[in-house]
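Report on the structure given below.
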Amino acid sequence: MSDPPTPDIAAEIKSERRLEERHLVHWMMLLSWTTPAGPATARGETIDLSLGGARVAVEHNFALGEKVACRLSVHPWHGNAAMFEIDMSAKVVHCSYSRRRKGFDVGLQFESFSGDGKQRFVKVVQAIESGVSAAGAKIIHSAR
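Next comes the structure, spelled out in structure tokens:
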């Protein structure tokens, strides 16, 4: 586990508030980071996401300000298209224990995307907002 954030980082994180609409989407996300003992990974599931970040249920406790690499598995909402992944880096802006989930709710603020990941992610979020799946099919039940 990392040291607690300095007052400057804590103030910066507190001043950053989610500006984009959250979308209830439960997709798998792999988190990876570096510890003094070497690389570490944890599997999580998104609770919600927006263009700026995500809230993820995960068994690992993170320190505020910690940097993580993320691999989001995007599901196309129906069986006629393949799942795909988007890689990004993020900063931990919230972490609290959730008795209901028997793990931690981790708030992530996205910082950068690999390759064309940002454009692909924006298209996925726009599809959710317009009620169309990532594969182009109409969504019958919205997550809103």
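Residue numbering for the sequence shown follows our numbering, starting at -7 and increasing by one per position.
From the three backbone atoms N, C-alpha and C, an ideal C-beta is built for every residue, glycine too.
{"Query": "If you draw a straight line from the alpha carbon of serine 54 to that of alanine 74, how long is it in whole angstroms?", "Result": "It should be noted that the sequence gives phenylalanine, not serine, for residue 54. Whole-angstrom Cα-Cα distance: 32 Å."}
{"Query": "Give the DSSP bridge partners of lysine 59, in chain order.", "Result": "Lys83"}
{"Query": "Along the chain, where does the beta strand (DSSP E) that runs through alanine 34 open and close?", "Result": "30 to 41"}
{"Query": "Does the beta-carbon distance from serine 81 to lysine 110 come in below 8 Å?", "Result": "no"}
{"Query": "Apart from the five residues just before and just after alanine 34, which ones in its own chain have a Cβ nearer than 6 Å to its Cβ?", "Result": "Leu23, Val50 and His52"}
{"Query": "How is valine 17 classed by DSSP in three states: helix, strand or coil?", "Result": "coil"}
{"Query": "Among Arg14, Glu12 and Trp19, which has the Cα closest to the Cα of proline 68?", "Result": "Trp19"}
{"Query": "DSSP has glycine 95 in a bridge; who is on the other side?", "Result": "Ser90"}
{"Query": "In terms of residues, what are the limits of the alpha helix (DSSP H) holding glycine 109?", "Result": "109 to 122"}
{"Query": "Around the Cβ of arginine 47, are there at least 16 other Cβ atoms within 10 angstroms (buried) or fewer (exposed)?", "Result": "buried"}
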